[in-house]
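A.B. asks:
Protein chains: 4
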Amino acid sequence: MFVAIKEQHKGVDVCINNAGLSHPEPLLSGKTSAWKNIMDVNVLALSICTREAYQSMKERNVDDGHIININSLCGHKVIPFADFHLYTATKYAVTALTEGLRQELRAEKTHIRATSISPGLVATEFISRASSKNPDEVAAFYATTKSLKTKDIASTVTYILSTSPHVQIGELLVEPI
Amino acid sequence: MFVAIKEQHKGVDVCINNAGLSHPEPLLSGKTSAWKNIMDVNVLALSICTREAYQSMKERNVDDGHIININSLCGHKVIPFADFHLYTATKYAVTALTEGLRQELRAEKTHIRATSISPGLVATEFISRASSKNPDEVAAFYATTKSLKTKDIASTVTYILSTSPHVQIGELLVEPI
Amino acid sequence: MFVAIKEQHKGVDVCINNAGLSHPEPLLSGKTSAWKNIMDVNVLALSICTREAYQSMKERNVDDGHIININSLCGHKVIPFADFHLYTATKYAVTALTEGLRQELRAEKTHIRATSISPGLVATEFISRASSKNPDEVAAFYATTKSLKTKDIASTVTYILSTSPHVQIGELLVEPI
Amino acid sequence: MFVAIKEQHKGVDVCINNAGLSHPEPLLSGKTSAWKNIMDVNVLALSICTREAYQSMKERNVDDGHIININSLCGHKVIPFADFHLYTATKYAVTALTEGLRQELRAEKTHIRATSISPGLVATEFISRASSKNPDEVAAFYATTKSLKTKDIASTVTYILSTSPHVQIGELLVEPI
Chain E
7 MFVAIKEQHK GVDVCINNAG LSHPEPLLSG KTSAWKNIMD VNVLALSICT
57 REAYQSMKER NVDDGHIINI NSLCGHKVIP FADFHLYTAT KYAVTALTEG
107 LRQELRAEKT HIRATSISPG LVATEFISRA SSKNPDEVAA FYATTKSLKT
157 KDIASTVTYI LSTSPHVQIG ELLVEPI
Chain Z
7 MFVAIKEQHK GVDVCINNAG LSHPEPLLSG KTSAWKNIMD VNVLALSICT
57 REAYQSMKER NVDDGHIINI NSLCGHKVIP FADFHLYTAT KYAVTALTEG
107 LRQELRAEKT HIRATSISPG LVATEFISRA SSKNPDEVAA FYATTKSLKT
157 KDIASTVTYI LSTSPHVQIG ELLVEPI
Chain R
7 MFVAIKEQHK GVDVCINNAG LSHPEPLLSG KTSAWKNIMD VNVLALSICT
57 REAYQSMKER NVDDGHIINI NSLCGHKVIP FADFHLYTAT KYAVTALTEG
107 LRQELRAEKT HIRATSISPG LVATEFISRA SSKNPDEVAA FYATTKSLKT
157 KDIASTVTYI LSTSPHVQIG ELLVEPI
Chain P
7 MFVAIKEQHK GVDVCINNAG LSHPEPLLSG KTSAWKNIMD VNVLALSICT
57 REAYQSMKER NVDDGHIINI NSLCGHKVIP FADFHLYTAT KYAVTALTEG
107 LRQELRAEKT HIRATSISPG LVATEFISRA SSKNPDEVAA FYATTKSLKT
157 KDIASTVTYI LSTSPHVQIG ELLVEPI
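In order, the protein sequence lines correspond to chains E, Z, R and P. Note that our numbering has the first sequence beginning at 7, numbered continuously upward. Note that our numbering has the second sequence beginning at 7, numbered continuously upward. Note that our numbering has the third sequence beginning at 7, numbered continuously upward. Note that our numbering has the fourth sequence beginning at 7, numbered continuously upward.
#1: Beta-carbon of ILE54(Z) versus every beta-carbon of chain E: anything under 8 Å?
#2: Taking the alpha-carbon of ALA136(E) as reference, which of ALA10(E), SER53(E), SER28(E) and GLU13(E) has the nearest alpha-carbon?
#3: Return no unless some Cβ of chain P is closer than 8 Å to the Cβ of GLU110(Z).
#4: Provide the residue span of the beta strand (DSSP E) that contains PRO145(E), from first to last.
#5: Does chain R have any CB closer than 8 Å to the CB of ILE183(E)?
#6: Would you kindly work out how many angstroms separate the C-alpha atoms of ASP89(Z) and GLU110(E), rounded to a whole number?
#7: Can you give me the C-alpha to C-alpha distance between ALA25(R) and VAL128(P), rounded to a whole angstrom?
#8: Starting from ALA88(R), find everything on chain P with Cβ-Cβ shorter than 9 Å and list it in chain order.
#9: So, using beta-carbon positions, are LEU50(R) and LYS42(P) closer together than 8 Å?
#10: Which class does LEU127(Z) belong to by DSSP, given the choice of helix, strand or coil?
#11: Listing by chain order, which chain P residues have their CB less than 9 Å from the CB of LEU167(R)?
#12: What does the alpha-carbon distance come out to for the pair MET45(E) and HIS15(R)?
#13: Just the chain P side, please: which residues come within less than 7 Å of VAL49(R) by C-beta, in chain order?
#14: Apply the 10 Å Cβ neighbour rule to ALA95(R) and answer buried if 16 or more other Cβ atoms are within range, or exposed otherwise.
#15: In the DSSP output, which residue or residues are listed as bridge partners for GLN174(Z)?
#16: Report the option in MET7(R), ILE22(R) and ILE11(R) whose CA atom is closest to the CA atom of ILE159(R).
#17: Drop a sphere of 10 angstroms on the beta-carbon of THR151(R), count the other beta-carbons inside from all chains shown, and report buried for 16 or more, exposed for fewer.
#18: ILE54(Z) and THR121(Z) - do their beta-carbons sit closer together than 8 Å?
#19: To the nearest angstrom, report how far apart VAL180(R) and ILE76(R) are at their CA atoms.
#20: Is DSSP giving THR162(R) helix, strand or coil here?
#21: Are the beta-carbon atoms of PHE8(Z) and GLU65(Z) separated by less than 8 Å?
#22: From LYS83(R) to GLY106(P), what distance separates their C-alpha atoms?
#23: Keeping to the same chain, check which residues put their C-beta closer than 6 Å to that of VAL100(E); ignore five residues upstream and five downstream.
#24: I need the straight-line Cα distance from TYR148(R) to SER124(Z), nearest angstrom please.
#25: Does ILE184(P) come out as helix, strand or coil in the three-state DSSP assignment?
#26: Any beta carbon of chain B sitting closer than 8 Å to that of ASP19(R)?
#27: Just checking: is the beta-carbon of TYR148(Z) within a distance shorter than 8 Å of some beta-carbon in chain E?
#28: Listed in chain order, which residues of the region 9 to 43 of chain Z have Cβ atoms closer than 9 Å to some Cβ of chain E?
#29: Suppose contacts are defined by Cβ-Cβ distances below 8 Å. Is LEU33(R) in contact with LEU178(E) by that definition?
#30: Among PHE87(P), ALA102(P), VAL173(P) and THR116(P), whose alpha-carbon lies nearest the alpha-carbon of ALA113(R)?
#31: Which class does THR104(Z) belong to by DSSP, given the choice of helix, strand or coil?
#32: Who pairs with LEU79(R) in a beta bridge, going by DSSP?
#33: Just the Cα atoms here: how many angstroms apart are GLY176(Z) and ARG108(R)?
#34: How many whole angstroms separate the CB atoms of LEU79(P) and GLY17(P), which I take to be in contact at a CB cut-off of 8 Å?
#35: Please report the distance separating the alpha-carbon of HIS72(Z) from that of GLU131(E).
#36: Please confirm whether any heavy atom of the ligand NAD lies closer than 7 Å to the CB of CYS21(R).
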């Protein structure tokens, strides 16, 4: 992916790590393969993209880049749903990765910014994959539960990118009301 | 491993997830394979052992079991050493896994206890593997840096196991002074 | 103050708890009266203003109000400066108060929003009061230390107030880079 | 109190800050005087006792003293009971004060230890004061709710005091199961 980006666009200036998923596999009984898949996507792929984006910025002397991790409220507290416990562990990891990234960028004396956005429930296909509900149940769930829209998160990203270069929003928690 | 335990000892009553490692691979430049190895040992293996230990307790109706995760101070704050940032992310995951486990055990109405012990630096072979220091440098490091001894952690484990059955120590942070 | 607001403007729709101070009084040796003053301003006055603002919204059936607490990065981690330790304790309290407020507003079935903004260092008269530095030292401090400007925080507040009514930014951490 | 201790026992070697209370006064409607009382006891008195205990150790060159703050699970997460929200804010403050104290003791190059013990519900007169329940309701509450006993906490304190001098248990969370 990063090779294609280099050929077509020269490199990466802004990296938004948005991919994330869960499977309904509790800690007491879940399948190892499902857990591994959650970790691969939520932690490992995010870490690889972050490293590649940084290396792309570095080789082109980009000093005003921005790496944004789409984290989750689950990155900050453990909600009482067993189906999400392994997912929650990967989001705790993302909280630590964003802070670690910020420290490494500072140590390299760059002005590249790192931000974690931690939304509550957003209406996407996430729930249909992450839970064992059927489509009707998912529809009923969204009909009765408050959720953010993807455009709410997009607008948050736009705001964060638009702030003055010396302003680093490190963490933003956002939930539906 | 759990098959052998079953044959020789019938099953598991107490599971202490002590294995954990790190490699000196920062977030901006680290090797994917090293990161994967850290995640496999610190998160996936711990989760598998936890599940197998619980299933072993469940099939023998053991209601006073105990699962202890040897976490780290790094499971609670991000220290400014790039070499440890991926490790730190896995330990944040362990913090969430222990809390999630406690919730699931409660939901199952068991009295099995779950504890996270989070030590600061302990004098083991951890540092020689986790850093790029040579043996002399590691020796010099331990000569000038305060550290806990493995027996300090062992004595903490003994204490936690010895508390009354209705007392659950959820988290214990311990550091050298 | 709230009586005057009622007479002149009918009531409060948006409350921004911005007042906050510190005195250079460490935990091992500080003066009780200085500690009390920090607690009165940072915790008690904020709590009183929050309650009065809510009561003002309630009696006029204002359901889209907003209460914003200007917290601090010190509300989330303890920085190694003894002069700020009591201040830090009051900001940890503000973190809890904002979350508690959010829960109470939800329980009352209002759509009033509660937000904590936690900035790093902002260039105000805060440092000259909070530390034992003289004016020249304070000037030298700001010349060599990165800081946010008050207008950066103002612009953050404007953004938070401008989000869609169903979007609640619960916490925003922002620091200079 | 510290004068009397000095006269009768020469000074303080171990200080256990156990006093703490709450009143059923939510953030949206509570009485200022009740809030002030909670803050005075839980934060200010604890800080004064800590300072006096340290000064007593210092003037007698006691280097193996111990200051233990009886915190609460509420010092780490905001539980959904409005009656406890101001109390929770003071316990968040205690979490920060214990960490700040540890940093100051380290900066002074002492080996005096600082520990926070954070229990869940303990069966004391706390609930009868902290809630608006009458005695019968309190009795019914304890009959149906799991709680720790005061001797469980006492035994935790004993353990912490008995650890090797170079072992500092910084935080211990304990709850009934």
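Every residue, glycine too, gets a C-beta built ideally from N, C-alpha and C.
C.D. replies: Looking at the coordinates:
#1: For the purposes of this step, residue 54(Z) is taken as the residue at position 48 of the second sequence. With 8 Å as the cut-off, ILE54(Z) counts as an interface residue toward chain E.
#2: Locating residue 136(E) in the first sequence gives position 130, where the first residue counts as 1. Ranking the options by Cα distance to ALA136(E), first place goes to SER28(E).
#3: Walking along the second sequence from the start, residue 110(Z) turns up at place 104. Not closer than 8 Å to any Cβ of chain P, the Cβ of GLU110(Z) fails to qualify, so no.
#4: By 1-based counting over the first sequence, the position of residue 145(E) is 139. Looking at the sequence provided, one finds Ala at residue 145(E) rather than Pro. From DSSP, ALA145(E) is part of no beta strand (DSSP E) but of the alpha helix (DSSP H) over 141 to 150.
#5: Counted from its first residue, the first sequence places residue 183(E) at position 177. For ILE183(E), the answer is yes, since a Cβ of chain R falls inside 8 Å of its Cβ.
#6: Residue numbering aside, residue 89(Z) sits at position 83 when the second sequence is read from its first letter. Residue numbering aside, residue 110(E) sits at position 104 when the first sequence is read from its first letter. So the alpha carbons of these two residues sit roughly 10 Å apart.
#7: Along the third sequence, read from residue 1 onward, the residue named residue 25(R) stands at position 19. Along the fourth sequence, read from residue 1 onward, the residue named residue 128(P) stands at position 122. One C-alpha to the other measures close to 36 Å.
#8: Taking the third sequence and counting its residues from 1, the one referred to as residue 88(R) is at position 82. Neighbours of ALA88(R) on chain P, chain order: GLY106, GLN109, GLU110 and ALA113.
#9: Reading the third sequence from its first residue, position 44 is the one you call residue 50(R). Reading the fourth sequence from its first residue, position 36 is the one you call residue 42(P). Yes, the pair counts as a contact, with Cβ atoms nearer than the cut-off.
#10: Numbered from its first residue, the second sequence carries residue 127(Z) at position 121. Looking at LEU127(Z) - three-state DSSP - the assignment turns out to be coil, as it is neither helix nor strand.
#11: As a position in the third sequence, residue 167(R) is number 161, starting the count at 1. In chain order: nothing, as chain P lies at least about 21 Å away.
#12: Counting from one through the first sequence, the residue named residue 45(E) turns up at place 39. Counting from one through the third sequence, the residue named residue 15(R) turns up at place 9. C-alpha separation (whole angstroms): 54 Å.
#13: Position 43 of the third sequence holds residue 49(R). Neighbours of VAL49(R) on chain P, chain order: MET45 and ALA95.
#14: By one-based count along the third sequence, residue 95(R) stands at place 89. ALA95(R) should be labelled buried.
#15: Here the question's residue 174(Z) lines up with position 168 in the second sequence. GLN174(Z) is bridged to GLU181(P).
#16: Stepping through the third sequence from its first residue, residue 159(R) is reached at position 153. From the listed residues MET7(R), ILE22(R) and ILE11(R), the smallest Cα separation to ILE159(R) is found for ILE22(R).
#17: In the third sequence, residue 151(R) corresponds to position 145, counting from 1. Exposed: under 16 other Cβ atoms inside 10 Å.
#18: For the purposes of this step, residue 121(Z) is taken as the residue at position 115 of the second sequence. For the purposes of this step, residue 54(Z) is taken as the residue at position 48 of the second sequence. No, Cβ-Cβ distance for THR121(Z) and ILE54(Z) is not below 8 Å.
#19: On the third sequence, position 174 is the one that residue 180(R) refers to. On the third sequence, position 70 is the one that residue 76(R) refers to. If you take the alpha carbons of VAL180(R) and ILE76(R), they lie about 11 Å apart.
#20: Position 156 of the third sequence, counted from the first residue, corresponds to residue 162(R). The answer is helix: DSSP assigns THR162(R) an H, G or I state.
#21: Taking the second sequence and counting its residues from 1, the one referred to as residue 8(Z) is at position 2. Taking the second sequence and counting its residues from 1, the one referred to as residue 65(Z) is at position 59. Not a contact, by the Cβ cut-off of 8 Å.
#22: Your numbering for residue 83(R) matches position 77 in the third sequence. Your numbering for residue 106(P) matches position 100 in the fourth sequence. Their backbone Cα atoms lie some 10 Å apart in a straight line.
#23: Locating residue 100(E) in the first sequence gives position 94, where the first residue counts as 1. Excluding residues within five positions, the ones whose Cβ falls inside 6 Å are ASN75, ASN77 and GLY81.
#24: Indexing the third sequence from 1 puts residue 148(R) at position 142. Indexing the second sequence from 1 puts residue 124(Z) at position 118. Roughly 38 Å between the two C-alpha positions.
#25: Outside the displayed range of chain P (7 to 183) lies residue 184(P), so it cannot be described from this structure.
#26: Note that chain B does not occur in the displayed structure, where the protein chains are E, Z, R and P.
#27: By 1-based counting over the second sequence, the position of residue 148(Z) is 142. No, no contact with chain E.
#28: PRO32, LEU33, LEU34, SER35, GLY36, THR38, TRP41 and LYS42
#29: In the third sequence, counting from the first residue as 1, residue 33(R) sits at position 27. In the first sequence, counting from the first residue as 1, residue 178(E) sits at position 172. Contact flag unset, no.
#30: Taking the third sequence and counting its residues from 1, one reaches residue 113(R) at position 107. Cα-wise, what sits closest to ALA113(R) is PHE87(P).
#31: As a first step, residue 104(Z) is located in the second sequence; it is residue number 98 there, counting from the start. In the structure shown, THR104(Z) sits in a helix (DSSP, three-state: H, G or I).
#32: Reading the third sequence from its first residue, position 73 is the one you call residue 79(R). Partner(s): none; LEU79(R) has no beta bridge.
#33: Along the second sequence, one-based indexing puts residue 176(Z) at 170. Along the third sequence, one-based indexing puts residue 108(R) at 102. Whole-angstrom Cα-Cα distance: 27 Å.
#34: For this step, residue 79(P) is matched to residue 73 along the fourth sequence. For this step, residue 17(P) is matched to residue 11 along the fourth sequence. 33 Å between Cβ atoms; not a contact.
#35: Translated into positions along the second sequence, residue 72(Z) becomes position 66. Translated into positions along the first sequence, residue 131(E) becomes position 125. Straight-line Cα distance between these residues: approximately 37 Å.
#36: Absence of the ligand NAD is noted for the structure shown, with no ligands found whatsoever.
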